[in-house]
Ligand code: SF4
Ligand code: SF4
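If you want it as structure tokens, here you go:
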């Protein structure tokens with residue numbers, strides 16, 4: 000589970016291969032890893048929101064001569080930032096969707112119409128069709144404190 | 024008849040239900056029954072939820088897996104993201120007894136238990152390894168004469184890295200399955216690159232992700248593709264709904280229909296574009312559908328003569 004970012008020797012091959020770095024100057028995976036290694040908190044304003052831009056494409060990892068598990072490393076960096084309250088509003092919203100419906104992308108009117116046109120039930124045979132199952136999801140989310148993570152910030 | 028539990032995820036059933044229909048039709052033609060996994064939730068998504076809270080991600084993923092343990096079927100995913108989450112979670116829990124215990128203490132609250140008896144499969148990888156390219160080809164009744172830009176997607180390749188699929192070099196398994204339908208898989212620059220959408224990036228920074236998708240669309244168009252074929256509803260959404268956004272935001276005029284592999288194979292098995300939901304895309308597919316219809320009806324005439 001733990002990542003192995005101590006193996007990183009800062010060659011920069013990860014950033015060179017990264018499609019997000021190509022689009023967003025501030026997105027520098029090598030830098031995030033170094034800051035983490037040095038124990039510098041990534042909550043410095045300049046790294047939030049950037050650490051959340053990773054598409055988890057694994058290009059960096061495939062390119063790393065040191066076999067660093069870069070994506071696992073980045074996901075833990077993000078997790079720590081979220082624990083410090085630095086969740087992006089957009090991600091909080093998806094989290095709330097998961098809490099409310101059990102789906103990150105719940106059904107909408109267009110989707111329901113399409114399902115009916117194709118001869119499917121209006122709601123898919125998922126948690127969307129069962130109050131009991133949705134309740135189970137909510138129990139699990141509350142148990143792991145996810146409700147707190149995605150709760151609106153108190154003013 | 025073999026049976027698998029079909030894990031739907033979120034985007035396919037709620038935005039592109041044609042993929043759900045296509046998967047069932049195609050597998051039933053190949054002699055595999057796809058049973059609904061009643062009560063399944065979001066996998067949950069491997070980038071965004073895993074990075075918000077890993078234990079929540081693992082707990083919900085393991086609940087989804089236990090739904091299939093109850094029926095003792097392996098799980099079939101039709102989405103790279105779901106595959107990545109469920110396969111990674113399944114492997115982690117099978118390998119780490121302490122973690123399994125931790126997760127099971129949570130699952131006990133809802134009367135579930137992760138036993139670790141099931142495998143998690145992805146539709147493309149399953150067709151390749153369990154059904155085989157030859158059997159797929161034999162099931163084709165209306166060969167397609169299309170130029171296809173295959174998009175593997177990152178989370179299909181990554182969890183399969185340790186498999187026997189020859190991923191050290193350039194993978195060809197998806198291309199082989201596409202060509203079994205009669206289509207040609209065209210080569211294009213950056214073929215193995217990302218669609219841009221994953222990891223929560225699409226919601227966090229839409230324009231940058233669209234620029235990543237735009238590069239791929241440019242290369243696919245240059246290669247003269249008639250359509251894109253993917254194996255992931257989220258890549259599908261990025262290339263279809265995202266294509267319309269790109270046309271609007273960046274003044275482009277792409278017109279590349281996007282099909283999930285099950286929809287392509289469905290066409291080649293003789294199912295109509297309408298019943299496979301291909302006309303429900305955001306990007307206009309009418310010219311493509313016309314081409315396929317002329318093409319496949321032409322085949323019929325040939326066989327009669
Ligand atoms: S490619 Fe690997 S070793 Fe080089 S900077 Fe990136 S993580 Fe470090
Ligand atoms: S996984 Fe993230 S950091 Fe690595 S190349 Fe892809 S977008 Fe960049």
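Chains as they are written, first to last, in my numbering: chain A, 0 to 154; chain B, 24 to 328. Here a beta-carbon is modelled for each residue, glycine too, at the ideal position from N, C-alpha and C.
Name, please, each residue of chain A whose Cβ falls closer than 8 Å to the Cβ of residue 101 of chain B.
To locate residue 101 of chain B, count along the second chain from 1; it is residue 78. Those within 8 Å of residue 101 of chain B in chain A number zero; the least Cβ separation is about 12 Å.
Do the segment 48 to 67 of chain A and the segment 7 to 27 of chain A meet, that is, are 3 or more Cβ pairs less than 8 Å apart?
Flag = yes, the segment 48 to 67 of chain A and the segment 7 to 27 of chain A touch.
Helix, strand or coil, according to DSSP, for residue 28 of chain B in the structure here?
As a working mapping, residue 28 of chain B is identified with position 5 in the second chain. Residue 28 of chain B falls in the strand class under three-state DSSP.
Cα separation between residue 144 of chain A and residue 132 of chain B?
The sequence position of residue 144 of chain A within the first chain is 145, counting from 1. The sequence position of residue 132 of chain B within the second chain is 109, counting from 1. Cα to Cα, the separation comes out at about 15 Å.
Please list, in chain order, the residues of the segment 50 to 73 of chain A that have any C-beta partner in chain B closer than 8 Å.
If the cut-off is 8 Å between Cβ atoms, the segment 50 to 73 of chain A has 51, 52, 53, 54, 55, 56, 57, 58 and 73 near chain B.
Locate the alpha helix (DSSP H) running through residue 174 of chain B, then write down its first and last residues.
By 1-based counting over the second chain, the position of residue 174 of chain B is 151. Counting along the chain, residue 174 of chain B falls outside any alpha helix (DSSP H), and DSSP gives it neither H nor E.
So for residue 161 of chain B, helix, strand or coil by DSSP?
Along the second chain, read from residue 1 onward, the residue named residue 161 of chain B stands at position 138. Residue 161 of chain B: helix per DSSP, three-state reduction.
Any beta carbon from chain A within less than 9 Å of residue 37 of chain B's own beta carbon?
The residue given as residue 37 of chain B occupies position 14 in the second chain. Answer yes: the Cβ-Cβ gap between residue 37 of chain B and chain A drops below 9 Å somewhere.
Determine, using beta carbons only, whether residue 19 of chain A and residue 231 of chain B come nearer to each other than 9 Å.
Locating residue 19 of chain A in the first chain gives position 20, where the first residue counts as 1. Locating residue 231 of chain B in the second chain gives position 208, where the first residue counts as 1. Cβ distance < 9 Å, so residue 19 of chain A and residue 231 of chain B count as in contact.
Rounded to whole angstroms, what is the Cα-Cα separation between residue 188 of chain B and residue 182 of chain B?
One-based indexing of the second chain puts residue 188 of chain B at position 165. One-based indexing of the second chain puts residue 182 of chain B at position 159. Using only the alpha carbons, I get a separation of about 11 Å.
List, in chain order, every chain B residue whose beta-carbon is nearer than 8 Å to that of residue 89 of chain A.
If you number the first chain from 1, residue 89 of chain A lands on position 90. Simply 223, 226 and 227.
Which ranges does the alpha helix (DSSP H) cover as unbroken runs of at least 4 residues, wholly within the segment 236 to 272 of chain B, from first to last along the chain?
Qualifying alpha helix (DSSP H) stretches, in chain order: 256 to 272.
Thinking C-alpha only, which one of B:184, B:177, B:252 and B:235 is nearest residue 210 of chain B?
Taking the first residue of the second chain as 1, we reach residue 210 of chain B at position 187. Among B:184, B:177, B:252 and B:235, the Cα nearest to that of residue 210 of chain B is on B:252.
Are the C-beta of residue 138 of chain B and some C-beta of chain A separated by less than 9 Å?
By 1-based counting over the second chain, the position of residue 138 of chain B is 115. It does not: the Cβ of residue 138 of chain B has no partner Cβ on chain A nearer than 9 Å.
Give a yes or no on whether the minimum CB-CB distance between residue 262 of chain B and chain A is below 9 Å.
As a working mapping, residue 262 of chain B is identified with position 239 in the second chain. Not closer than 9 Å to any Cβ of chain A, the Cβ of residue 262 of chain B fails to qualify, so no.
Counting contacts by CB-CB distance shorter than 9 Å, is residue 43 of chain B in contact with chain A?
Locating residue 43 of chain B in the second chain gives position 20, where the first residue counts as 1. Chain A contact via Cβ: present.
How would you call residue 188 of chain A, buried or exposed, if buried means at least 16 neighbouring beta carbons within 10 angstroms?
An answer regarding residue 188 of chain A cannot be provided, because it is not within the stretch 0 to 154 covered by chain A.
Give the DSSP bridge partners of residue 56 of chain B, in chain order.
Within the second chain, residue 56 of chain B is the residue found at index 33, counting from 1. DSSP lists B:26 as partners of residue 56 of chain B.
Measuring only from the beta carbon, is residue 8 of chain A closer than 8 Å to any heavy atom that is part of ligand 1?
As a first step, residue 8 of chain A must be located in the first chain, where it is residue number 9. Checking the Cβ of residue 8 of chain A against ligand 1 gives yes.
Strictly below 8 Å CB to CB, what residues from chain A border residue 216 of chain B?
Residue numbering aside, residue 216 of chain B sits at position 193 when the second chain is read from its first letter. Chain A residues near residue 216 of chain B: 18, 56 and 58.
Can you tell me whether DSSP reads residue 274 of chain B as helix, strand or coil?
Here residue 274 of chain B corresponds to residue number 251 of the second chain, with the count starting at 1. Reduced to three states, the DSSP call for residue 274 of chain B is coil.
Which partner residues of residue 98 of chain B appear in the DSSP bridge assignment?
The residue labelled residue 98 of chain B in the question sits at position 75 within the second chain. DSSP output for residue 98 of chain B lists B:28 and B:143 as bridge partner(s).
On the three-pair Cβ rule with 8 Å, is the segment 82 to 95 of chain B touching the segment 62 to 72 of chain B?
A contact exists between the segment 82 to 95 of chain B and the segment 62 to 72 of chain B.
Could you check if residue 24 of chain B is buried or exposed, using at least 16 other CB atoms within 10 Å of its CB as the buried criterion?
The residue you call residue 24 of chain B lines up with position 1 of the second chain. Flag for residue 24 of chain B reads exposed.
Is residue 234 of chain B near ligand 4, going by C-beta to nearest heavy atom under 8 Å?
Ligands present in the displayed structure are limited to ligand 1 and ligand 2, and ligand 4 is not among them.
Thinking C-beta only, is residue 55 of chain A closer than 9 Å to residue 219 of chain B?
Taking the first residue of the second chain as 1, we reach residue 219 of chain B at position 196. Taking the first residue of the first chain as 1, we reach residue 55 of chain A at position 56. No, these two residues do not count as a Cβ contact at 9 Å.
Using the three-state DSSP reduction, which class does residue 35 of chain B fall into: helix, strand or coil?
As a first step, residue 35 of chain B must be located in the second chain, where it is residue number 12. If DSSP states are grouped into helix, strand and coil, residue 35 of chain B belongs with the helices.
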